[in-house]
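Have a look at the structure below, then the notes.
Numbering (this note's numbering), first residue to last: 21 to 203.
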């Protein structure tokens, strides 16, 4: 009914998505046998500035988001947060007997910090938190609507990356922690 990591990912705080097909274990590690989806986050730059966005749509759908970023040659930051809420609609057609809507809400926050300790040494830290609550039908057909069937999910990601340039040799050390709680 849901995919563990990408189903609740908000595109706030996503600068670019790369899809690399085929074996890529040399670049991305031994688990990258069939391909890689590389999600790149923006880096703060220039004087501190921000954006605010409000969107609305059918089925009682609203999304609010805000971002703040800035930086120079020595350091940068990027902060983004968003909240998505919809009353939804029945996941199975009403002609099958499903009448309850399937509401969903999602809150997402991203903080990225970067610093240049020396001309050839850069450090970045990424913190991401997502929390969602989605109503799920038990199936299609009369009696399969369940107002008490919810998927609750919390995701936490903490990642650090150090880049060291030694002339023609670039070294990158990355470490991350990810926790996904789903009920």
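By construction, the Cβ of each residue, glycine as well, lies at the ideal position given by its N, Cα and C atoms.
Check                                                                                                             : Outcome
Rounded separation between residue 183 and residue 60 - CA only                                                   : 16 Å
Length of the line joining the Cα atoms of residue 191 and residue 197                                            : 21 Å
Assumed close pair residue 101, residue 124 - CB separation to whole angstroms, cut-off 8 Å                       : Going by Cβ atoms, the distance from residue 101 to residue 124 rounds to 18 Å, so no, they are not a contact pair.
With 16 other Cβ atoms within 10 Å as the buried cut-off, status of residue 85                                    : buried
Proximity below 8 Å, CB of residue 110 to CB of residue 126                                                       : no
Among 32, 36, 79, the one whose alpha carbon lies nearest that of residue 70                                      : 32
Residue(s) in a DSSP beta bridge with residue 161                                                                 : Its beta-bridge partners do not exist; DSSP assigns none.
Test item: CB-CB of residue 96 and residue 64 under 8 Å                                                           : yes
Inter-residue spacing [alpha-carbon to alpha-carbon] between residue 174 and residue 103                          : 14 Å
Helix, strand or coil at residue 115 [DSSP, three-state]                                                          : helix
Those runs of the beta strand (DSSP E) which lie wholly inside the stretch 76 to 123 and span at least 3 residues : 81 to 91, 95 to 106
Residue 188 beta carbon less than 8 Å from that of residue 140                                                    : no
Beta-carbon spacing of residue 179, residue 146 below 8 Å                                                         : yes
Alpha-carbon to alpha-carbon, residue 144 and residue 131                                                         : 11 Å
Straight-line Cα distance separating residue 177 from residue 195                                                 : 11 Å
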